[in-house]
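Engineer: Just so we're aligned: the sequence shown equals residues 1 to 296 in the UniProt record's numbering.
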Amino acid sequence: MSEIKEILAALAPFGGNKIIISVLLIVVGLLLRWLLVRLIRRYLTEEETLPKRWINTVTNITSLLILAGLVLVWLSELRFIALSVAAFVVALVVATREQIQCFLGALYIASSRAFSVGDWIKIGGHYGEVVSSDWLSTTLLEVDMETMSYGYTGRTLILPNNQFIAGTVQNLNFMRRYVAHSFQIILEPKELNLKEAKHQALSSAQHYCSPFKSVAERYSTLIEKRLGITLTGPDPSVRILTNSGAKSLLVVTIFCPTQKAVELEQQITEDFMDYYYQQLQKNRKNQDSTARVEKE
1 MSEIKEILAA
11 LAPFGGNKII
21 ISVLLIVVGL
31 LLRWLLVRLI
41 RRYLTEEETL
51 PKRWINTVTN
61 ITSLLILAGL
71 VLVWLSELRF
81 IALSVAAFVV
91 ALVVATREQI
101 QCFLGALYIA
111 SSRAFSVGDW
121 IKIGGHYGEV
131 VSSDWLSTTL
141 LEVDMETMSY
151 GYTGRTLILP
161 NNQFIAGTVQ
171 NLNFMRRYVA
181 HSFQIILEPK
191 ELNLKEAKHQ
201 ALSSAQHYCS
211 PFKSVAERYS
221 TLIEKRLGIT
231 LTGPDPSVRI
241 LTNSGAKSLL
251 VVTIFCPTQK
261 AVELEQQITE
271 DFMDYYYQQL
281 QKNRKNQDST
291 ARVEKE
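1. Give the C-beta separation of Phe255 and Ala216 to the nearest angstrom, bearing in mind that I take them to be a contact with Cβ-Cβ under 8 Å.
2. If you compare alpha carbons, which of Ile100, His207 and Gln279 is closest to Val237?
3. For Lys247, which option in Gln184, Arg176, Ile100 and Ile109 has the closest C-alpha, if you only look at C-alpha atoms?
4. Using 8 Å as the threshold, is the C-beta distance between Leu250 and Lys198 below it?
5. Which of helix, strand or coil does DSSP assign to Val215?
6. So what's Ala180 in DSSP terms, helix, strand or just coil?
7. Within its chain, find whatever has a CB closer than 6 Å to the CB of His126; leave out the 5 residues flanking it on each side and keep chain order.
8. With a CB to CB cut of under 7 Å and the five nearest residues on each side skipped, what residues in its chain are close to Tyr178?
9. Just the Cα atoms here: how many angstroms apart are Leu11 and Leu75?
10. Report the residue from Glu98, Val27, Arg53 and Gln101 whose alpha carbon sits nearest the alpha carbon of Leu67.
11. Suppose the cutoff is 8 Å on Cβ atoms and the five residues either side in sequence are ignored; what does the same chain contact list for Arg53 look like?
12. How is Leu141 classed by DSSP in three states: helix, strand or coil?
13. Considering Phe255, what are the terminal residues of the beta strand (DSSP E) in which it resides?
14. Thinking Val58 and Val37 are a contact (beta carbons under 8 Å), I'd like their distance in whole angstroms, please.
15. Closer than 7 Å by C-beta to Leu141: which residues in its own chain qualify, once you throw out the five before and the five after it? Chain order, please.
16. For Ser133, count the other beta carbons within 10 Å of its own beta carbon; 16 or more makes it buried, fewer makes it exposed. Which is it?
17. For Arg226, which option in Cys102, Trp120, Phe174 and Lys195 has the closest C-alpha, if you only look at C-alpha atoms?
18. Quick check: the Cα distance between Ser210 and Ala201, rounded to an integer number of angstroms?
19. Which term fits Phe14, buried or exposed, when burial requires 16 or more other beta carbons within 10 angstroms of its beta carbon?
20. Just mark Ser282 as buried or exposed, buried being the case when its beta carbon has 16 or more other beta carbons within 10 Å.
21. Apart from the five residues on each side of it in sequence, which residues of its chain come closer than 8 Å, Cβ to Cβ, to Phe164?
22. Sort out for me which residues DSSP pairs Val169 with in a bridge.
23. So the alpha helix (DSSP H) Leu157 belongs to, where does it begin and stop?
24. Would you call Lys285 buried or exposed, if buried means 16 or more other Cβ atoms sit within 10 Å of its Cβ?
25. Output the distance between the C-alpha atoms of Tyr150 and Gln170, rounded to the nearest integer angstrom.
26. Would DSSP call Leu222 helix, strand or coil?
27. Expressed to the nearest angstrom, what Euclidean distance is found between the alpha-carbon atoms of Leu192 and Arg239?
28. Taking the DSSP output, what are the residues bridged to Ser111?
29. Using three-state DSSP, classify Thr242 as helix, strand or coil.
30. Leaving out the 5 sequence neighbours to the left and right, which residues in its chain are closer than 6 Å to Gln99 when beta-carbon positions are compared?
31. How far does the alpha helix (DSSP H) with Ser203 in it extend, from its first residue to its last?
32. Taking Trp34 as the reference, which of Ile61, Ser22 and Ile20 has the closest Cα?
Spelled out as structure tokens, the structure:
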């Protein structure tokens, strides 16, 4: 703060015009921000989310410094105004209650470190990747978790920071690279031997997951150490269940790269449907042969 006062004192000879000083302060602050962002984008290229985090931090700090400088420039006028409008302070607080709550929400996010730029989070019914966060709001790129495609929907969500105080925040950052993806295959219980069908689905899942098995094991171990929990997998698994419609279900769970989850699901399902079709054809031929024998 003392450095800012010295700068303002140096600018006083220029006529003491506070409007000019304010404009210069804003221009210098924005120029400094532009230069820092340019340097960050040029030199911090090793990690995907690191430049975004630094840019977000630089933006927030420069905005705060500009605001603090303007307050110091207009301190005497603000003091006079504060004394003049003391009767309206309560009304002002009520009118800006939402903004105050958003500011407190920003302080909560910064102090709790619930997430940072680049993380996947869930807040309320919204899923998304954090792309920026300021004193009033947080911007997310929406991620499709409802259908488990794990892709960006193309929609941008701007959430007021007060939601992070009133609601529960789930950090889904570990799902950005690998995810325990589950899907169902519905069968008629009379058409297939479920034990053989389970074995076929499991073999297919193991085949498609084998190229990244060692990486999945290391990543699973890393998550378990950091979170202190035991994850499902990383080996594929298949369960046999039934539903209320008297159908049989094969629930396949694979621990795989998030971006490949839908592709692997389709490959495993297609292989199983080929097997399903072959078994149906085989059963029909056996039934036809049995019928001919009975006629003879």
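Beta carbons: idealized from backbone N, C-alpha and C, even for Gly. It should be emphasised that the depicted structure is a prediction, and the values quoted were computed from it without experimental measurement.
Structural biologist: Answer, in terms of the structure:
1. Contact flag correct, Cβ pair sits at about 5 Å.
2. The residue you asked about is not Val; residue 237 is Ser in the sequence shown. Answer by Cα proximity: His207.
3. Closest in alpha carbon position to Lys247, among Gln184, Arg176, Ile100 and Ile109, is Gln184.
4. A contact, by the Cβ cut-off of 8 Å.
5. Three-state result, Val215: helix.
6. If DSSP states are grouped into helix, strand and coil, Ala180 belongs with the strands.
7. Short of 6 Å from the beta carbon of His126, and not among the five residues preceding or following it, lie these beta carbons of its own chain, in chain order: Leu157.
8. Apart from sequence neighbours up to five positions away, the residues of its chain that approach Tyr178 with a beta-carbon distance below 7 Å are Ala216, Tyr219, Phe255, Cys256, Pro257 and Thr258, ordered along the chain.
9. With a pLDDT of 48 at Leu11, under the threshold of 50, the modelled position of that residue is not reliable, and no figure is offered here.
10. Comparing Cα-Cα distances from Leu67 to each of Glu98, Val27, Arg53 and Gln101, the minimum goes to Val27.
11. Excluding positions up to five away in sequence, the list reads Ser116, Val117 and Gly118.
12. The answer is strand: DSSP assigns Leu141 an E or B state.
13. Note, Phe255: beta strand (DSSP E), Ser248 to Pro257.
14. So it is a contact: roughly 6 Å between Cβ atoms.
15. Sequence-distant partners of Leu141 (beyond 5 residues in either direction) whose C-beta falls short of 7 Å from its own C-beta, in its chain, are Gly128, Glu129, Val131, Tyr152 and Thr156.
16. That one is buried.
17. It is Phe174.
18. The straight-line gap from Cα to Cα measures roughly 14 Å.
19. Model confidence at Phe14 stands at a pLDDT of 44, short of 50, so the residue's coordinates are unreliable; what they give is reported in the following sentence. So Phe14 ends up on the exposed side.
20. The sequence given here places Lys at residue 282; Ser does not occur at that position. Of the other Cβ atoms in all chains shown, fewer than 16 fall within 10 Å of the Cβ of Lys282; this residue is therefore exposed.
21. The residues are Gly105, Tyr108, Ile109, Ala114, Ile123 and Thr138.
22. Per DSSP, Ile123.
23. Premise fails: Leu157 lies in the beta strand (DSSP E), Tyr152 to Pro160, not in any alpha helix (DSSP H).
24. Exposed, because fewer than 16 other Cβ atoms sit within 10 Å of the Cβ of Lys285.
25. Looking at the two C-alpha atoms, the distance is approximately 16 Å.
26. The DSSP-derived three-state label of Leu222 is helix.
27. Cα to Cα, Leu192 sits roughly 15 Å from Arg239.
28. DSSP lists no partner for Ser111.
29. Annotated three-state conformation of Thr242 is strand, per DSSP.
30. In its own chain, leaving out the 5 sequence neighbours on each side, no residue places its CB closer than 6 Å to the CB of Gln99.
31. Ser203 -> alpha helix (DSSP H) spans Leu194 to Cys209.
32. Ranking the options by Cα distance to Trp34, first place goes to Ile61.
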